[in-house]
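Trainee:
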Amino acid sequence: MEKNPILPIIYFLYPARRIIYFALFVTVLVAVLCSAEVNPPILSNISLFGAQPAVAQQRVVIGDVWQKIYQQLPDLPKENTYKAKEGGKVATDNTLVGRIIRYHIYTKGRAPNFRLDWKLTLADYLDANEIMYDYSYPGKDNLTTNPFDGDRAAVKKLTRSQRAALVQALTNAFTGKS
163 MEKNPILPII YFLYPARRII YFALFVTVLV AVLCSAEVNP PILSNISLFG AQPAVAQQRV
223 VIGDVWQKIY QQLPDLPKEN TYKAKEGGKV ATDNTLVGRI IRYHIYTKGR APNFRLDWKL
283 TLADYLDANE IMYDYSYPGK DNLTTNPFDG DRAAVKKLTR SQRAALVQAL TNAFTGKS
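Each residue of the sequence shown is one higher than the last, beginning at 163 in the working numbering.
(1) Buried or exposed for Gly-271, going by 16 or more other Cβ atoms inside 10 Å?
(2) By the three-class DSSP mapping on this structure, what secondary structure does Lys-156 have?
(3) Near Ser-298, which residues of its chain fall below 6 Å by C-beta distance, leaving aside the five closest residues on each side in sequence?
(4) On the premise that Ala-273 lies in contact with Asp-279, defined as a C-beta separation below 8 Å, what is that separation, rounded to the nearest angstrom?
(5) Within this structure, are the beta carbons of Lys-281 and Val-329 separated by less than 8 Å?
(6) Taking 8 Å as the cut-off, does the segment 219 to 237 touch the segment 181 to 193 (at least 3 CB pairs, one atom from each stretch)?
(7) Are Ala-253 and Tyr-244 close, meaning C-beta to C-beta below 8 Å?
(8) With which residues is Leu-191 paired in a DSSP beta bridge?
(9) I'd like the list of long-range same chain contacts for Val-217, defined as Cβ closer than 7 Å, with 5 residues on each side in sequence excluded.
(10) Using 8 Å as the threshold, is the segment 317 to 334 in touch with the segment 231 to 241, meaning 3 or more CB pairs across them?
(11) Return the residue from the list Ile-293, Asn-334 and Leu-288 that minimises the CA-CA distance to Asn-275.
(12) Kindly indicate which three-state DSSP category Leu-305 falls into: helix, strand or coil?
(13) Please go through the segment 245 to 315 and give each complete alpha helix (DSSP H) segment of 4 or more residues, from N-terminal end onward.
(14) In this structure, does DSSP put Gly-338 in helix, strand or coil?
(15) What is the rounded straight-line gap between the Cα of Leu-205 and the Cα of Tyr-287?
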């Protein structure tokens with residue numbers, strides 16, 4: 163009886179056929195997922211900082227929060243004696259709390275409505291968490307002197323109760339609590 167020379171080739175093609183079918187399946191799956199239409203109204207409710215506020219709630223303006231914090235905690239150091247690069251005048255609206263907020267939200271990308279995140283930010287200032295870099299610190303680009311070292315020293319001088327009050331005030335300001 164003569165052996166069929168085609169039979170070994172057919173058996174050899176079974177694994178190759180599986181690979182081809184799998185590649186075809188993956189290609190079709192990727193094409194379907196990439197061509198799927200995203201519904202913008204669903205995605206518009208997603209935010210970096212958690213759920214969007216209800217219509218009755220007011221949005222928090224980050225630039226105004228530092229003023230509310232200083233009204234609640236007037237004994238906090240302002241550290242606003244640095245001169246602006248443009249004009250050379252003292253930038254009185256560039257305060258310690260404002261820079262802490264900008265560092266927390268923009269530099270570190272942390273959510274402003276969670277106490278733990280604010281505690282982590284203050285731990286950064288106290289050299290107890292992540293390393294802070296002066297080249298990415300808020301105020302470096304628009305003040306003549308980088309406030310990095312002065313701000314860290316000011317936070318280190320705060321008592322534990324002052325830091326706790328600051329964390330609570332910041333959390334309340336961004337969650338809408340009074």
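In this text, a Cβ means the ideal position worked out from N, Cα and C, and glycines have one as well.
Predicted, not measured: the structure shown is a model, and the values here were computed from it.
Mentor: Per the coordinate set shown:
(1) Burial state of Gly-271 is exposed, judged by a 10 Å Cβ sphere holding fewer than 16 other Cβ atoms.
(2) Because the chain in this structure spans residues 163 to 340, residue 156 falls outside the shown range and cannot be described.
(3) Hits under 6 Å: Thr-269.
(4) Right, the Cβ-Cβ distance comes to about 5 Å (below 8 Å), so this counts as a contact.
(5) Yes, these two residues count as a Cβ contact at 8 Å.
(6) When C-beta atoms of the segment 181 to 193 are compared with those of the segment 219 to 237, fewer than three pairs fall below 8 Å, so the two segments do not count as touching.
(7) Against a cut-off of 8 Å, the Cβ pair of Tyr-244 and Ala-253 comes out as a contact.
(8) Partner(s): none; Leu-191 has no beta bridge.
(9) Because Val-217 sits at a pLDDT of 45, beneath the cut-off of 50, its placement in the model cannot be relied upon, and the following sentence gives the value as read from the coordinates. Closer than 7 Å at Cβ, skipping near neighbours: no residue.
(10) With contact defined as three or more Cβ pairs closer than 8 Å, the segment 317 to 334 and the segment 231 to 241 are in contact.
(11) Ranking the options by Cα distance to Asn-275, first place goes to Asn-334.
(12) Leu-305 sits in a strand when the DSSP states are folded into three classes.
(13) Secondary structure remark: continuous alpha helix (DSSP H) runs of at least 4 residues inside the segment 245 to 315, in chain order: 258 to 264 and 277 to 287.
(14) Coil at Gly-338, not helix or strand.
(15) Confidence in Leu-205 is poor, its pLDDT being 45 and thus under 50, which makes the residue's placement too unreliable to answer from.
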